[in-house]
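**Student:**
Numbering (the UniProt record's numbering), first residue to last: 1 to 320.
#1: Hey, which unbroken runs of the alpha helix (DSSP H) at 4 residues or more fall wholly within the segment 120 to 166?
#2: Identify the residues that DSSP records as bridge partners of residue 79: which are they?
#3: Quick check on residue 215: does DSSP put it in helix, strand or coil?
#4: Take residue 12 and list the residues in its own chain whose beta-carbon comes closer than 6 angstroms to its own, dropping the five residues that flank it on each side.
#5: I'd like to know whether the C-beta atoms of residue 202 and residue 120 end up nearer to each other than 9 angstroms.
#6: Secondary structure at residue 204, three-state DSSP: helix, strand or coil?
#7: Please classify residue 183 as buried or exposed, where buried requires at least 16 neighbouring CB atoms within 10 angstroms.
#8: Please state whether the Cβ-Cβ distance between residue 328 and residue 24 is less than 9 angstroms.
#9: Please go through the same chain and pick out, in chain order, the residues whose beta-carbon is closer than 8 angstroms to the beta-carbon of residue 208, but skip the five residues on each side of it.
#10: Could you tell me if residue 200 is buried or exposed, where buried requires 16 or more neighbouring beta carbons within 10 angstroms of its beta carbon?
#11: Please classify residue 320: does DSSP put it in a helix, a strand, or coil?
#12: Which word fits residue 127, buried or exposed, when buried means at least 16 other C-beta atoms lie within 10 angstroms of its C-beta?
#13: Just curious, the alpha helix (DSSP H) that residue 66 is in, first and last residue?
#14: Could you tell me the distance, in whole angstroms, from the CA atom of residue 319 to the CA atom of residue 285?
#15: Can the beta-carbon of residue 276 be found less than 9 angstroms from the beta-carbon of residue 306?
#16: Among 50, 165 and 115, which one has its Cα closest to the Cα of residue 206?
#17: Measuring CA to CA, which of 283, 269 and 289 is closest to residue 94?
#18: What three-state label does DSSP hand residue 111 in the structure shown?
#19: Below 8 angstroms on the Cβ atoms is my contact criterion, and I expect residue 287 with residue 87 to pass it. Report the Cβ-Cβ distance as a whole number of Å.
#20: Kindly indicate which three-state DSSP category residue 14 falls into: helix, strand or coil?
#21: Beta carbon of residue 163, beta carbon of residue 135: below 9 angstroms?
#22: Figure out for me which residue from 226, 218, 189 and 67 has the closest Cα to the Cα of residue 240.
#23: Let me know the secondary structure DSSP gives residue 283 once reduced to three states.
#24: In angstroms with no decimal places, state the Cα-to-Cα distance between residue 198 and residue 271.
#25: Excluding sequence positions up to five away, which residues of its chain have a Cβ less than 7 angstroms from the Cβ of residue 290?
#26: Where residue 194 and residue 257 are concerned, what is the direct C-alpha to C-alpha distance, given to the nearest angstrom?
#27: Along the alpha helix (DSSP H) that carries residue 268, what are the first and last residues, could you check?
#28: Roughly how far, in whole angstroms, is the beta-carbon of residue 189 from the beta-carbon of residue 156, given that I think they are within contact range, below 8 angstroms?
#29: Answer with buried or exposed for residue 204, where buried requires no fewer than 16 other C-beta atoms within 10 angstroms of its C-beta.
#30: Taking the Cβ atom as the reference point for each residue, do residue 282 and residue 81 lie within a distance shorter than 9 angstroms?
#31: In chain order, what residues of the same chain lie with their CB nearer than 8 angstroms to the CB of residue 142, ignoring the 5 residues before and after it?
#32: Is residue 73 near the ligand MN - that is, is its Cβ less than 8 angstroms away from at least one heavy atom of it?
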């Protein structure tokens, strides 16, 4: 097991290296530069050229990449052109919000997906199964930001059940009980909106696993020996069906991170997804490259985590 974990970590190193090159090249090919449209329009072309030269924007891409990756290894991603502060500090403030939103979304996802998947798989080809299938089809078809807009309009503006923007109520003291309750309250509607969309794949996968397993020979044998229906489902079918779901935990993290980009924008939630969109619009390349690299690293780590979990929970896999 430890050999497999070390091997997966070593494989992740070149993946992260090539990812950093790809991220930097893509960001450098974006139109314009950090000074485009962000300063006094009366400034002279000579001053613009001087600013680009001072910040090394006229250097070849490989020289810029060398400076960037060398500083990034030490945790220095430069300064934001837009916010005039260190990128690391800027992202750190937003990362906690996105992490909290992601944890709450994962919790809602499994609380929704597991019961629906069990009902759909156990009572397949019934009206309940068809209703759940209809929900999953709608979930696959509707983009997350459309679903977020609908939830925002109904539960935020019409019913006033949840706040429509921000991450905490103004005037609260950081670290108090009321502060954290307000944080969770502001995250609830965005997390629930994202969970209702991202959970549809898990529901269908769990349904397929249950239907497939309940026709296996060992299930038929257990029933022939007189085991009750509930015992067969709880001890054999349900337990074996959850193994692949647990293995996909890492991929769920990556999917939620990608979906949060749009949800945070819709709800004006100050996370890294909202920061990424605004930084792209403002051509704040130092922030864009740092956020893309962070997202890519989380995707690689999530994939590695899924492989490790699968090797641990599934006894049929033997890693030497």
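C-beta atoms are modelled at their ideal positions from N, C-alpha and C, and glycine is treated no differently.
**Tutor:** So, to answer that:
#1: 127 to 141 and 144 to 151
#2: Beta-bridge pairing links residue 79 to 86.
#3: coil
#4: 300 and 304
#5: No, these two residues do not count as a Cβ contact at 9 angstroms.
#6: Residue state, collapsed to three classes: helix.
#7: buried
#8: Outside the displayed range of the chain (1 to 320) lies residue 328, so it cannot be described from this structure.
#9: 121
#10: buried
#11: A caution first: residue 320 carries a pLDDT of 48, below 50, which makes its placement in the model too unreliable to give a value.
#12: Looking at its Cβ environment, which holds fewer than 16 other Cβ atoms inside 10 Å, residue 127 is exposed.
#13: 61 to 73
#14: For residue 319, the pLDDT reaches just 49, beneath the cut-off of 50, and the residue's location in the model is therefore unreliable, although a value from the coordinates is still provided. Straight-line Cα distance between these residues: approximately 42 angstroms.
#15: no
#16: 115
#17: 269
#18: Helix.
#19: 5 angstroms
#20: helix
#21: no
#22: 218
#23: Assignment of residue 283 by DSSP, reduced to helix, strand and coil, places it in the coil class.
#24: 18 angstroms
#25: 77, 87 and 91
#26: 10 angstroms
#27: Neither: residue 268 is in no alpha helix (DSSP H) and is coded neither H nor E.
#28: Right, the Cβ-Cβ distance comes to about 7 angstroms (below 8 angstroms), so this counts as a contact.
#29: buried
#30: yes
#31: By the criterion of a C-beta distance shorter than 8 angstroms, residue 142 is surrounded in its chain by 197, once the five residues flanking it on both sides are discounted.
#32: Of ligands this structure carries none, so the ligand MN is not represented either.
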